[in-house]
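Number of protein chains: 2
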Amino acid sequence: MKQDAPVSQTPTVSELRRERERAEITGRIMDVARRMFVRDGYEAVTLRKIARAIEYSPAAIYQYFKSKEDLVKAISEKDQQELLADILACMQLTNPQERLVEMARAYAQWGVAHPNHYLLQLVPPFAWEKRKSTPQQQVPAPILQEALGALYETVKEGINLGRFNEKYKDPSLVAATLWAGIHGVIMLEITMGKDEWARIDNPEISFEDRFLTLKEVFSDGFLKEPSPAVKPKNRGRKAKK
Amino acid sequence: MKQDAPVSQTPTVSELRRERERAEITGRIMDVARRMFVRDGYEAVTLRKIARAIEYSPAAIYQYFKSKEDLVKAISEKDQQELLADILACMQLTNPQERLVEMARAYAQWGVAHPNHYLLQLVPPFAWEKRKSTPQQQVPAPILQEALGALYETVKEGINLGRFNEKYKDPSLVAATLWAGIHGVIMLEITMGKDEWARIDNPEISFEDRFLTLKEVFSDGFLKEPSPAVKPKNRGRKAKK
DNA sequence: TATACAATCTAAACAGCGTTCAGGAGAATA
DNA sequence: TATTCTCCTGAACGCTGTTTAGATTGTATA
Chain A
266 MKQDAPVSQT PTVSELRRER ERAEITGRIM DVARRMFVRD GYEAVTLRKI
316 ARAIEYSPAA IYQYFKSKED LVKAISEKDQ QELLADILAC MQLTNPQERL
366 VEMARAYAQW GVAHPNHYLL QLVPPFAWEK RKSTPQQQVP APILQEALGA
416 LYETVKEGIN LGRFNEKYKD PSLVAATLWA GIHGVIMLEI TMGKDEWARI
466 DNPEISFEDR FLTLKEVFSD GFLKEPSPAV KPKNRGRKAK K
Chain B
266 MKQDAPVSQT PTVSELRRER ERAEITGRIM DVARRMFVRD GYEAVTLRKI
316 ARAIEYSPAA IYQYFKSKED LVKAISEKDQ QELLADILAC MQLTNPQERL
366 VEMARAYAQW GVAHPNHYLL QLVPPFAWEK RKSTPQQQVP APILQEALGA
416 LYETVKEGIN LGRFNEKYKD PSLVAATLWA GIHGVIMLEI TMGKDEWARI
466 DNPEISFEDR FLTLKEVFSD GFLKEPSPAV KPKNRGRKAK K
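Chains as they are written, first to last, in our numbering: chain A, 266 to 506; chain B, 266 to 506.
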């Protein structure tokens, strides 16, 4: 029976210690799992392997995470704080165009540096999440949503400042398209960056090349002709042999 | 003048029949599996379920496919012939720009119409293929490689005809970037097309909108200013203020 | 016709998976 | 001291892909 209400605030000294120990173990599980996950991919991460690594029984993990999916999600979300910080840092730039480029660069760099996390966040809802009978509405990672919001705000600002070609009026649509383009470059790099056939007949092509090409074409396509004074005469763009 | 060789080719009547029956069963397995796969996703396709559907024991399938992965690959490749046909059909168009647009459209339409196959082909090498100790070099789907080749040839032709902005000299790089952009739009639609949050603050945005926006910005960015005679009036607002 | 043969399918099992559950050890509380 | 609570384990459940031994069967050869 419940004897009294003080359940809410009694930070007993031992309660605090327990809470701290719990957080410690939770962190250790996540660290071990993350290392496996990043190195071997989603399929290879096994609760039994994790348990063996932390010298617990498999069942013990269920006291800290309610499922394997839950654990992986927790890892992924934690790591993405870093991405979000990079993106939000770009918001300090006053020039919207410049800000867009830097945001894209931060996003792309994080993506290729954390391919497994990137795939986990962007692809899985469809690909490897077990779909039960209820095709539940997908809840976005708050991080992703916030990053997307920053992109949207920047595009909106650019449009309001008249930097975009007049035919692009809807910041949502422009932001979504920009996102899609960068997403494509990242996905291609992640899933087949190692395959030389994807480079067609120029084995020298790098991720940076593709990113810069996309940046160039998006700039030229989306933005208004720059005021003549600003544009440098950078014609001799290097192309690979 | 050997009228019949000892063992090498004797298309016995019963041998022919067996071969035909074999192909028939192989086809039935693939059909059943495809239906499940398209409806429920990769994870939900179970050899036991397939076996139950064709009224065989699970082990029987191993006489026709050497593994589950093998079966799914066979299905995917077969279906992609259709995509390849659509893309190659575009090669009849003489105008390279127009051809690029139609190829992109065919590719995109196939992708959103066959999301599971699309993901299976583009994402899995990294995502759900079990990686053993040997990180084997990925062998591309011949179909994909051929489609990519067609794209490459078209871009090359366009560059040679002087249709592209001079700063884009490498057809491989241009083709890869075009591909990446379209890939991104498709992936976004497949993995989160149903999620309204991905539409940011305009719930009306459709896949077609994003595709057309990408087409527009790629045209404006990659292609040279069209020859004055061809271009309609649309360029009225060139001078900025 | 009888025999050897090859193909085909099945039942059973194996090792692995995520997950659940009854219970035990030990600390915190009463 | 007695009771409660938290943490952890061993064992099990039901599932997975895959392998193996054996039964069945229809064909080709002696």
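Beta carbons are placed, not taken as given, at the ideal position from N, Cα and C, and that holds for glycine.
These numbers come from a predicted model, not from an experiment.
The Cβ of B:T419 sits no closer than 8 Å to any Cβ of chain A. Secondary structure of B:L426 (DSSP, three-state): coil. Shortest Cα-Cα distance from B:R293 to any of B:R304, B:L477 and B:I340 involves B:I340.
Between A:L385 and the set A:E418, A:L353 and A:K338, the nearest pair of CA atoms involves A:K338.
Secondary structure within the segment 456-489 of chain B: the alpha helix (DSSP H) runs of 4 or more consecutive residues, fully enclosed, are 472-487 (chain order). The alpha-carbon of A:S437 is positioned some 52 Å away from that of B:S322.
Looking at the backbone, the Cα of A:A371 and that of B:A350 are separated by about 39 Å. In terms of Cβ geometry, B:A445 and A:V297 do not form a close pair [threshold 8 Å]. Where A:S279 is concerned, the enclosing alpha helix (DSSP H) starts and stops at V278 to D305. If you compare the alpha carbons of A:V420, A:T277, A:D344 and A:E320 with that of A:M368, the shortest gap goes to A:V420.
In this structure, DSSP gives B:M452 a helical state, which the three-state scheme calls helix. Identification of residues in the segment 322-352 of chain A having a C-beta nearer than 8 Å to some C-beta of chain B yields an empty set. Among the residues of chain B, none has a CB under 7 Å from the CB of A:H379; the nearest is roughly 13 Å distant.
For the C-beta of B:R464, the chain A residues within less than 8 Å are, from N- to C-terminus, S437 and A441. Of the residues assessed, A:D485 falls on the buried side of the cut-off, its CB having 16 or more other CB atoms within 10 angstroms. Under the three-pair Cβ rule at 8 Å, the segment 470-478 of chain B counts as touching the segment 426-441 of chain A. Rounded to whole angstroms, A:N360 and B:L409 show a C-alpha spacing of 40 Å. Chain A has a Cβ within less than 8 Å of the Cβ of B:F487. Excluding five sequence positions before and after A:G306, the CB atoms of its chain that fall closer than 8 Å to its own CB belong to N381, given in chain order. Per DSSP, reduced to three states, the secondary structure at A:K421 is helical. Taking 8 Å as the upper bound for CB-CB distance, A:V377 and A:I326 are not in contact here, some 30 Å apart. Here A:L353 is near A:A415, since their CB atoms are less than 8 Å apart. At a cut-off of 8 Å, the C-beta of A:A445 has a neighbouring C-beta in chain B. Against chain B, the beta carbon of A:M452 has neighbours under 9 Å at L387, V388, A445, H448, G449 and M452, listed in chain order. By alpha-carbon distance to B:S332, the top candidate from B:N425, B:I315, B:E320 and B:F429 is B:I315. Look at A:D435 here: in three-state DSSP terms it is coil, with no helix or strand label. Comparing alpha-carbon positions, the option among A:P468, A:R300 and A:L365 lying closest to A:G423 turns out to be A:L365.
For A:F483, the nearest beta carbon of chain B is closer than 8 Å to its own beta carbon. Under the 8 Å criterion on CB atoms, A:R475 is classed as interfacial with respect to chain B.
The continuous alpha helix (DSSP H) containing A:V337 extends over residues K333 to C355.
In the three-state scheme derived from DSSP, where H, G and I count as helix and E and B as strand, B:T442 is classed as helix. Bounds of any alpha helix (DSSP H) do not take in A:Q328, whose DSSP letter is neither H nor E. Secondary structure at A:V310: coil, using DSSP grouped into helix, strand and coil. The shortest C-alpha to C-alpha distance from A:M295 to any of A:W462, A:R282, A:V278 and A:T311 is the one to A:T311. Between A:R283 and A:T291, the alpha-carbon positions lie close to 12 Å from each other.
When the five nearest sequence neighbours on each side are left out, the beta carbons in the same chain lying within less than 7 Å of the beta carbon of B:D344 are those of H379 and H382, in order along the chain.
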